[in-house]
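*Asks:*
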Amino acid sequence: MIRARITTAGDVNRLSLTAVRIPFSRLQLPHIAPRLPVRSDADASENHMPPAEAAGRGSDQHEVAQQPSTPSRLESRNLGHNSYDRIPAFQSKHLALGPSRSEPVLRCQPAIDTEAFHPSVAARDSPYCTPNMDRTARSQRIQELDAERALLERRFDEVSRELEDLRGALRENDIKKAACAPVHMLPDDVLKLVLEEACDHSRREDCYRSDAHTALDVLDVSQVSRRWRDVVLSLPRLWRCIHVIAQSSDLLALFVERARSAPVSIVCNTPDMYMQHGHGWWVEPYLKNMLFVWQYAHLFDSLTVRSEDSSFFETLLPTMEALSLPLLRSLRLWWYDDDDEEPWFPNTIPFRPDCPKLEYFRATWIPVPSSTPSFERLTTFNISGIYDARMEDLVALANTAPQLKHIVLDCNVAIEEIIGDLRPARFPFVQSLSIIECDDVFQLLDCLDLPTLQILVIGRSCTTLYDVRHPPPPPRPYSTVHTLYIEHQVWTIPEEQSYLFQYVPEITTLEFHGWRGDSTIFSTNLALQVCTQEASLPRLRTLVLTGAYTLPNNLRMIIERRAQQSCPLTELQVGSPTWEDTSSEERELLQRCINVKIIPDAPCIEIYHIVHKY
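9 is the number of the first residue of the sequence shown in our numbering; add one for each residue after it.
1. Since Phe520 is in the beta strand (DSSP E), which residue starts that stretch and which ends it?
2. Tell me Gly583's beta-bridge partners as DSSP assigns them.
3. Between which two residues does the alpha helix (DSSP H) holding Tyr294 run?
4. Could you name the residues of the same chain whose beta carbon sits closer than 8 Å to that of Ile294, not counting the 5 residues immediately before and after it, in chain order?
5. Helix, strand or coil: how does DSSP classify Val232 here?
6. Return the residue from the list Pro560, Pro436, Arg570, Leu307 that minimises the CA-CA distance to Leu548.
7. Among Cys207, Ser256, Ser257, whose alpha-carbon lies nearest the alpha-carbon of Val240?
8. Measuring CB atoms only, is the region 303 to 310 touching the region 328 to 345, in the sense that at least three cross pairs come out at less than 8 Å?
9. Taking its Cβ as the centre, do 16 or more other Cβ atoms sit within 10 Å of Val416, making it buried, or is it exposed?
10. For the alpha helix (DSSP H) containing Asn407, list its first residue and its last residue.
11. With DSSP run on the structure shown, which of helix, strand or coil describes Val421?
12. Buried or exposed: which applies to Trp343, given that a residue is buried once 16 or more other Cβ atoms fall within 10 Å of its Cβ?
13. Are Asp457 and Pro432 close, meaning C-beta to C-beta below 8 Å?
14. So, helix, strand or coil for Leu492, using DSSP?
15. What do you reckon, are the CB atoms on Cys578 and Leu559 nearer than 8 Å?
16. In the DSSP assignment, what residue or residues form a beta bridge with Phe263?
17. In terms of residue numbering, what span does the alpha helix (DSSP H) encompassing Ser318 cover?
18. First and last residue of the beta strand (DSSP E) that includes Phe308?
19. To the nearest angstrom, how far is it from the Cα of Cys446 to the Cα of Gln497?
20. Measure the C-alpha to C-alpha separation of Val403 and Thr388 and round it to an integer number of angstroms.
21. Buried or exposed for Met193, going by 16 or more other Cβ atoms inside 10 Å?
22. Can the beta-carbon of Leu5 be found less than 8 Å from the beta-carbon of Val421?
23. Can you give me the C-alpha to C-alpha distance between Val489 and Val604, rounded to a whole angstrom?
24. Is Phe389 helix, strand or coil when you go by DSSP?
25. What three-state label does DSSP hand Asp196 in the structure shown?
26. By DSSP's criteria, Asn181 is part of a beta bridge. Which residues make up the other side?
27. On a Cα-Cα basis, can you pick out the residue from Ser338, Pro361, Lys184 that is closest to Leu324?
28. Can the beta-carbon of Ile250 be found closer than 8 Å to that of Thr312?
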């Protein structure tokens, strides 16, 4: 009998040949019974023999006759379905094959290599084996990586907690250390004074002030420490300077809220863009936020608007006419153009702001409001960039601004056609007058009545005498003027300076300021020649010279001549660059003749400093 290990899935008609050891070339197996009993390992153990050994011994004890016949139905079925592919799933069951007469004989052909049916060989060559092996290996690798990741995450959490603890300890250390600093020992009242000075809003209101950038931002100060934040929040005055920006208007509302109904200062300075007029899309966010802050107009103490887009003002100015500005004291409107073109604003733009407490008004390229009762407290009036400003506006201004003290006319005033029919505009309290870029200074001075004028500034204006052979009659002098300030003024003949000095015969200080290397140095020489005359400027005591490469050649001679007169010069103020370029020998001679004072050079004098200097 031949014993073979055959596995089944419960159906004896579907058998799998597990192991066949045939020592001879041709072998005819006996018939397989329809219902074969399943012999397990336990059955083999009862006979004291392993199943494999019993199968081998049975094959040795029986002779199998070689009968040529066709394959049986079971043989064809088993060989056709590659039953050995399913061998690993049924290795635990064994069948004992015995002779049967009811079934055909299962034959093994000599061409079949029985070694190919070995389990190890069949599993190795199976097309389903390689994917299964790859899946198992990858699953194991995934498990390993998941374990490593979990370990790293636990380590990361531990390191993060330790790092946060160390940072917290350092913060506590810094807080304790900072508490010992001298600034923290200051009382709150003293700290409030320090912060108010550091966050001075007045320096941030004027866009042209040289010290505007030195003012600290209140938001930065409030983030220094908790104590500083509490102190800053307790000072509504620090929140009163509001800069209109292009971002959201929430920050503007926050400043107004923290100002606690205190008067606020609004500053809107649009960025410089080289754009053509009418294409100011980049100022639309600023305009939108400006219209937003109009709801707080009753709290405005100062309003400063600076832009290079004319459409910005064309939209903004009409809306200001409908506003009530009961607390407004300072109004600055700047429209500037780098191309030096004529202004785009017609005089028909409605601009009559209701400002009963307005004290300072400055407009650049903006139409001047001429008839309004809101200028009763106005003390400073500054207009610039307006071509052919009307003299009627100055007359109306004199009638509506009786408290005016400082006037700056950085523009030409059209007075030729009405000079004969117009009475002089009287400003009883004006102390300083600046005339810049005027076509005829002498005619303008004749049209003004300034009984208390003390400072006269003339710069880049025309002082031409059209008929030198027949000079005009002596002008009406301003005997109260004590300082004549000449900035970048060019003269060609001495008669022009002589006629100008007749307007201010009682001055004690004469200042010449010009650019280094321009033609004003020649004009200074001419003016100094006039000063040497006995009847010219008898009360002159101080001479100021800045902006020149070198001092005038005749300066020492002029000083010596003035020393021989009844009213000699007592002080000479020279710009530091000019004094450094002067030879050491000339310095010694000048210092022997007069008291020399070195001052910072002033290549471009600001009207702001002129007004507040004296």
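For glycine and all other residues, C-beta sits at the position ideal for the given N, C-alpha and C.
*Replies:* Taking the coordinates as given:
1. 517 to 521
2. Ile607
3. 292 to 301
4. The residue asked about is misnamed: residue 294 is Tyr in this sequence, not Ile. Closer than 8 Å at the Cβ level, and outside the excluded window around Tyr294, lie Val252, Ile253, Ala254, Cys276, Thr278, Ser315, Phe320.
5. coil
6. Arg570
7. Cys207
8. yes
9. buried
10. 399 to 408
11. strand
12. buried
13. yes
14. strand
15. The question names Cys, but residue 578 is Thr in the sequence shown. Not a contact, by the Cβ cut-off of 8 Å.
16. Partner(s): none; Phe263 has no beta bridge.
17. 318 to 329
18. 308 to 315
19. 11 Å
20. 16 Å
21. exposed
22. The question about residue 5 has no answer, for the chain in this structure spans 9 to 622.
23. 24 Å
24. strand
25. helix
26. According to DSSP, which records beta bridges pairwise, Asn181 is partnered with nothing at all.
27. Pro361
28. no
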